[in-house]
Each structure stands twice: as C-alpha cells, then as structure tokens.
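A.B. asks: I have a structure I would like to understand better, so I am pasting it below and will then ask my questions one at a time.
Structure (structure tokens):
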C-alpha cells in the first residue's frame, strides 16, 4: 500500500512539474498511445528513467520488461515493433570514385 501511495505521489509530482514547465517538459515527441497505455508501467518498472524524463531509456526499459508490463502497454509496444519491421530501409549505393 505504501509503495502504491509513493508511486501515485511521484506521478502527481511529475504531472504537476510538466504542467508548470509547459510543452518543453511534456515532450510532444511522445506518442499519445504510448503515454496513455504505458505511463503507469513506466513508473512501476522503469522509475529512474521516468523520473529523469529519459524517454528513450523508458522505452528501452519497457521493451526489456515486456513480460511484466500491462496488456495495453504490451499491445502498443508490439504494434510499434510491427510497424517498425514493415518500414523499408533505404539502400544507398556507394558513390563512384
């Protein structure tokens, strides 16, 4: 119970800080689907990265802990992986000498 209260207080502090700091702290580059589905998991499984606003670190941590995250977060991660796998890779020919 104490852990849950601590996590909720931490999340409230982060949200309040983001609201005060404005768009810079909110980081518009975070996909809303990830934010909605994975915020709780980020604070439960990847707390240090989340507290540091280390978005790539949170993403990598959630992927490493895929078997521990909630089903909605797992679904968003798997959808992103599937989309990334379908993205064509550009092949660049070497420049002539």
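Residue numbers (the working numbering): 97 to 193. Backbone N, C-alpha and C fix where the C-beta goes; we use that ideal spot for every residue, glycine too.
Per DSSP, what kind of secondary structure is residue 140 in: helix, strand or coil?
C.D. replies: Helix, per DSSP.
A.B. asks: So, helix, strand or coil for residue 192, using DSSP?
C.D. replies: coil
A.B. asks: What residue from 128, 129 and 165 has the CA that sits closest to residue 139's CA?
C.D. replies: With distances taken between Cα atoms, residue 139 lies closest to 165.
A.B. asks: Less than 8 Å between the CB atoms is what I'm expecting for residue 146 and residue 168, so what's the real figure, rounded?
C.D. replies: Not really, about 17 Å apart at Cβ, beyond 8 Å.
A.B. asks: Leaving out five residues before and five after residue 141 in sequence, what residues of the same chain have Cβ atoms less than 8 Å from its Cβ?
C.D. replies: 157, 158, 161, 164 and 165
A.B. asks: Leaving out the 5 sequence neighbours to the left and right, which residues in its chain are closer than 6 Å to residue 154 when beta-carbon positions are compared?
C.D. replies: Cβ neighbours of residue 154 within its own chain (closer than 6 Å, five residues either side excluded): 138, 142, 145 and 146.
A.B. asks: How many Å lie between residue 177 and residue 149 at the Cα?
C.D. replies: 22 Å
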